[in-house]
Each structure stands twice: as structure tokens, then as C-alpha cells.
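J.: Structure incoming, see below.
Number of protein chains: 2
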Amino acid sequence: MKSAPNLPAAHPPQRLLLVDDHAVMRAGLANMLNSRPEFVVVAQADNSDLALEHYKAHSPDIALLDVMMPGISGIECLRRIRDHDPAAKILMLSSTEMIAEIDEAIHAGASGFVSKTALPAELIAAIKTVLNGEQALDEDLKRRLEVESRQAHLTPRELEVLHLLRHGMSNPAIGNELRITARTAKAHVAAIMEKLEAQDRAEAVAKGFERGLLRP
Amino acid sequence: MKSAPNLPAAHPPQRLLLVDDHAVMRAGLANMLNSRPEFVVVAQADNSDLALEHYKAHSPDIALLDVMMPGISGIECLRRIRDHDPAAKILMLSSTEMIAEIDEAIHAGASGFVSKTALPAELIAAIKTVLNGEQALDEDLKRRLEVESRQAHLTPRELEVLHLLRHGMSNPAIGNELRITARTAKAHVAAIMEKLEAQDRAEAVAKGFERGLLRP
DNA sequence: CAAAACACTGGCCTATCGGACAATAGTTTC
DNA sequence: GAAACTATTGTCCGATAGGCCAGTGTTTTG
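Chains as they are written, first to last, in full-length UniProt numbering: chain C, 1 to 216; chain L, 1 to 216.
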């Protein structure tokens, strides 16, 4: 990186990549960040594919990723970027505050998490924290993450079954789909219902949506 | 700092109210709109209660409402504003594009609907359309609304039952709750499943979330 | 005024569900 | 190497679900 030739800038601006499918949000973010001397938005993307391309092309100091995007989700995008550059600094932005998503993002290697309801100043602070090599996580979110982690979490298999429940499949149908007996499918369903504190599969599906395990 | 006092302002700027729980989005919108001489943001709110207060206090020419807000939804806010001022011009903004929401908003008296994925220019155009007294609805959305309206829609009673299904209630339990026989509850559930093309109540609940009839 | 939609109710039948008891084997973790 | 977690399968039973055949009364709508 080259230093600014004439400016008395002790530090060159930090280079950012913005990824969000909402054009207005992107424009607003870019505007806000570019108005500060310590930042410069070098690229923007409205989808995950473009995001990865831009990341490779610009190697930004930090990437701001929206979690919710049509097609390839922000979290999958996060994984790909991290795959390309294990040292990537990635701050996730979210409109919802579903713990399951945050948890997934953190485990996938996100450097931090900021709600879109956060004030601009909070966002700026989070960006600086991540650039500093630390993890940017709201105290409130941290607490909720701990609470959630104490809650029973579904095993991969159970998650798989939950997705089939969502599509109205019976135990025999699930067994057929997963090549296990209906009895085993039943056991998974029972485990799901107990963990999600649901009285039947319908409520289990609802809880799945509430916890962000299932998406509309 | 941008409106020069000595300019020959042929038209006074149109006064806007912004309502969105996402501070960053609000800031971005305000920034973008204020940078144009024809608009001025006179107030902002991050919740529905404050929105109504501000509407009463400022009587803006147009209000931009986010549909998704914690607590009182944007649509309920829309109803209250319209209740206060039947001639109010209200443009709804949405991050999701769930037809059920749009449909509900239009029926509740929204003057238009714009997705947050829309380009700034499209948003500006929509605002001007609404200010012109016309309805701002994307052609694509219009088509999808028609398709959706052809789809069977749930009756109020069925919607009520769907909410009980979500909480894992059995037919007898539903009957008890609604003071009808289990047989009638069953009939409602059957109607729901047929209309939503679901094989069982679990899938009906899932479809409910997909269509925006149920919220996380 | 007729037609359609809505809310409600009945019986009968079979498949499925969910709970109550289980057990076995592989993997990961400590 | 023990302990915990995961995935798997078994049987029995009563309750529930969902499909099928109905019908009645009210309200809305054309």
C-alpha cells in the first residue's frame, strides 16, 4: 500500500467492501463512510458472487456483509471469502436479530456482528474494533448468545429432519427420504420437539422459523 | 448548508417524514433525500408511536414507512396515520417482498410500495409519483399481486386458527379455545391446508411463514 | 332474489402421531 | 479409557389427524 504523497495523513484510509442487496442501504452506508477521512469504500456488491469477485480484486481491509441476501446467503459468502483469505476481516450486518444467524456467522468466522438498528457511531466503532483485530460483538448480543448456547441445539441430522417436516413429510416419508426406518425418523422428530419445546411438528416448524433455523 | 437562501425557489421543497427502525438506513435515506433541493426530511422516527407523533406535529407532504418494525408494525402505523389524516400520502418501504404484506398494506391504504433493493432513482420516482396523487406500484409487483389475489386467501377465522396451529394446538384444543366443536376446528384446519396446498398442519404453518401470514 | 362465501356441525374410517418403556453401535470429548 | 453425544432400531398403545360422505343457518354480494 502506498501512503498519501502530500496529505499529512498519519494513516492512509482503511479500504472497505460493502455487500448488501438493498441499494438504498448501500448508498447510505457508502455516503456515511466516505464522508470520513479514515475510510474509503473501494467496492460494492449486491450479491455474494460479485462480493467474492470484488474481494479478490481489491483485497479490502474489511468487508461489511449483510446476512440476509437472496440466493447465496451472506453467511455462505462469508465462508467463501474466509476460504479465499483466512485472515479476512469481516463484519456482518443484520436487519433481524435472530440468534441462530449470529451464532452461525460467528462460527463461520465472522469478525463481528452489528444490527442495522445500531446508530452510525456504533457501526463506526465496530468497524474500528474489527480493523484492530478484535471481535466486535454487542454486550447484549453476547449475553443472548450465551443464553442461546445453553439452549439445546439441534444436531445436523435433526436439522435435516426439521427441513423435511417443513415440507409436510410424515415419519415414513422422512424415513424413505433419508433411507432410515420410520421409527428412526420418529425419534429425530421427538428429539426436535423436545429441544424446541414444541407440542407437535407444527409448533416445531414454527419454532424453527422463530429461531432462524428455517427461513421463509 | 445546502439550501441557498437567495435561490429562486420555484417550488418549496416537499416535506418528508422517515420511519424505519434501522438508524443506518434512515441516515442514508435522509442524506440522499436532503441532498436534493426538491425534498427536505422534516422528521425521523424509529418506531410507530413516535412516527404518529411526528406526523401530527409536522403534517409532512409524504411519509416513508418501513413495513417491518419491532412492536407495532409499519402497517398498523399506516392505519393510524390514515385514521388521523385520510388524505395522507404514505409510501411503504420493505426489505422482504412478501406479497401478503404488500397486499395488506395496499388494502390498509398505502399510496405505494417500494422494495429496499430498488435503486435510489426508483425510490425518488416513486416518491414523486405518490406526491402527484398517483399510486406507486412496481409493474412486477402488480402482476404478482394479481397472481396472489387469484390464490385462495384465508378467511379471518382460518387465519385465527392458523395462529393456534402455530402454537401446537390440537383440534380439540382449538375448539376449546374458540368455543366451537373439535369437528369445526378440523374443518377450518382442512380449509387452511387446502388453500395453502399443505399436506399437514406442519407444512401449513411453514407456508404461513412463507406467505407472511405468520411472523417470526 | 339468487348465488356465493362463511361459520358451523355430524359420523366413519384408516393412517399417522407421540409417549412410554426400551437397546446397540460409532464418534467425539475429556 | 470413561463419558457424552449421535444415529440408529424395536414394540405397544391410545389419541389425533386427515379424508370421506354429509347438512344448516347467516351474511355478503352481484
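Positions of the beta carbon are idealized from the N, C-alpha and C atoms, including for glycine.
#1: Do you know how far the Cα of C:Met92 is from the Cα of L:Pro86?
#2: Within 10 Å of its beta-carbon, does L:Leu119 have 16 or more other beta-carbons around it, so buried, or fewer, so exposed?
#3: Per the contact definition of three or more C-beta pairs closer than 8 Å, is the segment 160-177 of chain L in contact with the segment 170-189 of chain C?
#4: Which word fits residue 219 of chain C, buried or exposed, when buried means at least 16 other C-beta atoms lie within 10 angstroms of its C-beta?
#5: For C:Met92, which residues does DSSP report across the bridge?
#6: By the three-class DSSP mapping on this structure, what secondary structure does L:Arg201 have?
#7: Give the residues of chain C in contact with L:Asp200, contact being defined as C-beta atoms less than 8 Å apart.
#8: I'd like the span of the beta strand (DSSP E) that includes C:Arg144, first residue to last.
#9: How many angstroms separate the CA atom of L:Leu21 from the CA atom of L:Arg166?
#10: Opposite L:Arg15 in the DSSP bridges: which residues?
#11: In the structure shown, what three-state DSSP assignment does C:Ala108 receive?
#12: Since L:Ala23 contacts C:Thr117 with CB under 8 Å, what's their CB separation in whole angstroms?
#13: Taking CB distances under 9 Å as the criterion, tell me whether C:Val67 reaches chain L.
#14: Which partner residues of L:Ala45 appear in the DSSP bridge assignment?
#15: State whether the segment 94-105 of chain L contacts the segment 40-52 of chain L, with contact taken as three or more CB pairs (one from each stretch) at a distance under 8 Å.
#16: For C:Asn31, which residues in chain L fall below 9 Å Cβ to Cβ?
#17: How would you call L:Ser35, buried or exposed, if buried means at least 16 neighbouring beta carbons within 10 angstroms?
T.: On the basis of the data shown:
#1: Spanning the two alpha carbons is a distance of roughly 41 Å.
#2: exposed
#3: no
#4: In the structure displayed, chain C extends from 1 to 216; residue 219 of chain C sits before or after that span and is not available.
#5: C:Leu65, C:Phe113
#6: helix
#7: Within chain C, the residues near L:Asp200 are Gly168, Ser170, Arg201, Ala202.
#8: Run containing C:Arg144: none in the beta strand (DSSP E); it sits in the alpha helix (DSSP H), 139-150.
#9: Reading off the sequence shown, one finds Asp at residue 21 of chain L, where the question assumed Leu. About 27 Å.
#10: In the DSSP output, where bridge partners are listed per residue, L:Arg15 has L:Val40.
#11: Secondary structure of C:Ala108 (DSSP, three-state): coil.
#12: 6 Å
#13: no
#14: L:Val19
#15: no
#16: Ala27, Gly28, Asn31, Met32, Ser35
#17: exposed
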